[in-house]
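Some notes on the structure that comes next.
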Amino acid sequence: MVARMMTRETTAPELEAAVFAIDDPRVIARSLRRRAPALPTAMSLLLLHIQRVGKRLSKQRRAKLEAAKVELRALFQDEPRRIAR
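First residue of the sequence shown: 133, per this note's numbering; consecutive thereafter.
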């Protein structure tokens, strides 16, 4: 239900489904990073996809998407923090 509501009401950047079909978690993370200005936004996009697919997601695919979450955190952590003015 939450995924359905977020799909209808989200203002997040649109992502093509091909992004989540990529086999390399690092490439998925970089792609999300390019489309989202902040970690919470990028992580929300990834989590929304995982929730939307749900039980249809294979164990291998879920493991790759979970690894993409780790890579995403690392990408944002390596980046210097921006100071809001």
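Think of the CB as a built atom: it goes at the ideal place given N, C-alpha and C, for glycine as much as any other residue.
Taking just the CA atoms, how far does residue j sit from residue i?
| i | j | result |
| --- | --- | --- |
| Val-202 | Arg-188 | 22 Å |
| Ser-163 | Lys-191 | 22 Å |
| Leu-197 | Ala-170 | 18 Å |
| Arg-193 | Phe-208 | 23 Å |
| Ala-168 | Leu-178 | 11 Å |
As a quick exercise: from the options, pick the residue whose alpha carbon is nearest that of residue i.
| i | options | result |
| --- | --- | --- |
| Ala-263 | Ile-154, Ile-160, Ala-153, Ala-149 | No answer is possible for residue 263: the residues shown for the chain start at 133 and end at 217. |
| Leu-204 | Val-185, Gly-186, Ser-176 | Ser-176 |
Spatial neighbours of residue i within its chain, please: CB distance less than 7 Å, with the 5 preceding and 5 following residues excluded, ordered by chain position.
| i | result |
| --- | --- |
| Ala-149 | none |
Could I get the ranges of all uninterrupted alpha helix (DSSP H) runs contained in the region 138 to 206, with 4 residues as the minimum, in chain order? If you keep only unbroken alpha helix (DSSP H) runs of at least 4 residues inside the region 138 to 206, you get 150 to 153, 157 to 167, 171 to 185.
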